[in-house]
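A.B. asks: Protein chains in written order, with the numbering used here: chain R, 2 to 333; chain V, 2 to 333. The beta carbon of each residue, even a glycine, is placed where N, CA and C say it ideally should be. Provided herewith is a single structure, encoded as structure tokens, for subsequent inquiry.
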């Protein structure tokens, strides 16, 4: 397998969460990664979110030769021209806006471009994919979607329940996303999505980012590149080649205290194991063909081997997300 | 007296604090006001400050025919071309950055362009003008000045003690400001500034904004326009015509609970009367020649009558602040 990308276009990843430091940014450069949509927070409050943005501002200042913040698709193109990796900000949950509609525009001004309306649990906006019942988008959630549409912050339903997700597609005047998940028909994880939902997502102009987090993969950490690329080909047949991209859900450098925070936040005193179990509570082992930012070339090669044209490889690897950013970051 | 400005240039006011609503913005338009630097907060925390910015975002959205947010001098010029009043954000105190250096860049990104290092009392950064002792800029304050210099947020020492103000002039690598005060030699208020301090301010490239808040005026609410313009002429002789502007300290529409908040925040259970007294605790009556945003023309006329050339009237009324914004908003 090659670590030099054979494709000519943009590499955009709609979901990563690392213990960010210069070595990770160097890996992004080594892997030719144009843009990473990074998870800023899971369960944090507005004030705590400011501190996370503050940490990123220091990272931008200290690593300005490798990375830069992107607020627009134009910034992503500029990053590519400057040989830097563009960073966009994402929330995995709506906790940072608390119960305050005004915080959406404020967080957008600070660079946040994606927000999940719920993370596994019922939120103030929508239901999470681990709840027993899904009553759909809440009263506050409807206002939140409207305001996100207005300012150009993208609705992400990766960790939401199916009914809430269908509901958000219906309510949102701009396309929504599932930045990191796979089809349930390939791997029946709670976090993966039904074919009907993915079809509705595609029909409304939305995007799916394919996850390489082992719990979302057939045979988990033993999933082959061939199986993954075959799944992408089948999904392209269902959703269309323009509605799919990469959302690796790559996690790097974090100890188990971080997966515990992701799963438990401050909402539970009893330990919740999320997609894991008590006997398998930590981070899953990555698949051997995607262990970090240097490995996007393997994926592009795998797609080419599976029969994707160069043009289609480019779309999946980044051009689809770039077009989506162009149309959905900022006021319509 | 005329309400139509006789001058040809920009009208920029470096300090106002109203109960903001459409009628105030309409008055700004009627008065030909190009830009107002508005007080966002006095004693608020970071989180509370976000809510104040949120309120402004609603005002910008609902009154987009009258006002717009300005982050640069270019925005101020654009507002003038569009017949709107540009609004810049200011903190009267450093409470919004709490004890967190990272909040300076974050607040700058949200549009804050001026921050006072202290408000009457000792702060984490500097001493206020009502304290008995003034030990100068603190350890945190030095870091704050450096960071404000880096991002292009302007240091304002209007309510600070004299030694702290001299110290900030010495420490800051970019010019500082006193956005709303007058010479103590004209009116010996605690909030007014010594001739030596104003000279040092001017020599370092800093700016003074002349206040029309009655406590800062000779004869307070009975101060004449002639006396005020005479004071400006003498100050121009001392500081130079390029270092002075208007910082009216105009307050409109607020009840006495707001002057109590300004003076007491949450720091005192006993009532502090600030520049007032127990028997004169409320807002002072405005001078008859400056009751609101429609009256800037009176001031320009008064300066012309006092012998200022048209060019110098334009400088005092706005062009000096515009040049200062050009040089000091954003990285050097």
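(1) When we look at the beta-carbon of residue 209(R) and count the other beta-carbons within 10 Å, is it buried (16 or more) or exposed?
(2) Using DSSP bridges, identify the partner residues of residue 76(V).
(3) For residue 7(V), which of helix, strand or coil comes out of DSSP?
(4) How about residue 73(R) and residue 326(R): are their beta carbons less than 9 angstroms apart?
(5) Evaluate residue 17(V) with the Cβ neighbour count: other Cβ atoms within 10 Å of its Cβ, from every protein chain shown; 16 or more gives buried, anything less gives exposed.
(6) Go through its chain and collect everything with a Cβ distance to residue 127(R)'s Cβ below 6 angstroms, but skip five positions before and after it.
(7) By the DSSP assignment, the beta strand (DSSP E) with residue 128(V) in it spans what residues?
(8) For the beta strand (DSSP E) that residue 330(R) lies in, which residues bound it at each end?
(9) State yes or no: is the C-beta of residue 69(V) within less than 9 angstroms of the C-beta of residue 54(V)?
(10) Between which two residues does the alpha helix (DSSP H) carrying residue 264(R) extend?
(11) Measure the Cβ-Cβ separation of residue 277(V) and residue 283(V) and say whether it is below 9 angstroms.
(12) Counting only beta-carbon separations shorter than 9 angstroms, does residue 4(R) have a partner in chain V?
(13) Starting from residue 145(R), trace the alpha helix (DSSP H) in both directions and tell me its first and last residue.
(14) Using the Cα positions of residue 1(R) and residue 299(R), report the straight-line distance between them to the nearest angstrom.
(15) In chain R, what lies closer than 8 angstroms to residue 52(V) by C-beta?
(16) If I measure Cβ to Cβ from residue 242(R) and keep anything under 7 angstroms in the same chain, skipping five residues before and after, which residues do I get?
(17) When you compare the segment 31-49 of chain R with the segment 289-307 of chain R, are there three or more beta-carbon pairs, one atom per stretch, that lie closer than 8 angstroms?
(18) Quick one: which chain V residues come within Cβ less than 7 angstroms of residue 110(R)?
(19) How about residue 73(V): is its C-beta nearer than 9 angstroms to some C-beta of chain R?
(20) Taking its Cβ as the centre, do 16 or more other Cβ atoms sit within 10 Å of residue 12(V), making it buried, or is it exposed?
(21) What residue from 20(R), 103(R) and 199(R) has the CA that sits closest to residue 258(R)'s CA?
(22) Taking the alpha-carbon of residue 111(V) as reference, which of 95(V), 101(V), 90(V) and 125(V) has the nearest alpha-carbon?
(23) Whole angstroms is fine: what's the gap from residue 1(V)'s alpha carbon to residue 153(R)'s?
(24) Please classify residue 121(V) as buried or exposed, where buried requires at least 16 other C-beta atoms within 10 Å of its C-beta.
(25) From residue 301(R) to residue 246(R), what does the alpha carbon distance come to, in whole angstroms?
(26) Sort 84(V), 234(V) and 201(V) by Cα distance to residue 305(V) and report the nearest one.
(27) Quickly, what does DSSP pair residue 184(R) with across the bridge? List them, please.
(28) Where in the segment 56-119 of chain V do unbroken runs of the beta strand (DSSP E), each at least 3 residues long, occur, reported from the N-terminal end onward?
(29) Taking 9 angstroms as the CB-CB cut-off, is residue 107(V) touching chain R?
(30) Between the segment 32-60 of chain V and chain R, which residues of the former have CB atoms less than 9 angstroms from a CB of the latter, in chain order?
C.D. replies: Reading from the atomic positions:
(1) Per the 10 Å Cβ criterion, buried.
(2) Answer is none; residue 76(V) lacks a bridge partner.
(3) Interpretation of residue 7(V) is limited by its pLDDT of 49, a score under 50 that renders its predicted location unreliable; the figure taken from the coordinates is listed afterwards. Note: residue 7(V) maps to coil in three-state DSSP.
(4) yes
(5) buried
(6) 118, 119, 138, 142, 161 and 165
(7) Secondary structure note for residue 128(V): it is in no beta strand (DSSP E), with a DSSP letter that is neither H nor E.
(8) Premise fails: residue 330(R) is in no beta strand (DSSP E) and is neither H nor E.
(9) no
(10) 257-265
(11) yes
(12) At residue 4(R) the pLDDT is 40, less than 50, meaning the model places this residue with poor confidence; the figure from the coordinates comes in the next sentence. Taking Cβ atoms only, chain V never reaches closer than 9 angstroms to residue 4(R), which makes this a no.
(13) 140-152
(14) For residue 1(R) there is no data in the structure shown, the boundaries of chain R being 2 and 333.
(15) 101 and 103
(16) 313 and 316
(17) Yes, the segment 31-49 of chain R touches the segment 289-307 of chain R.
(18) 110 and 111
(19) no
(20) buried
(21) Each of 20(R), 103(R) and 199(R) was checked against the Cα of residue 258(R), and the nearest Cα belongs to 20(R).
(22) 90(V)
(23) This structure cannot settle anything about residue 1(V), because the visible part of chain V is limited to 2 through 333.
(24) buried
(25) 12 angstroms
(26) 234(V)
(27) 194(R)
(28) 68-70, 86-92 and 113-117
(29) yes
(30) 46, 47, 48, 51, 52, 54, 55, 56, 58 and 59
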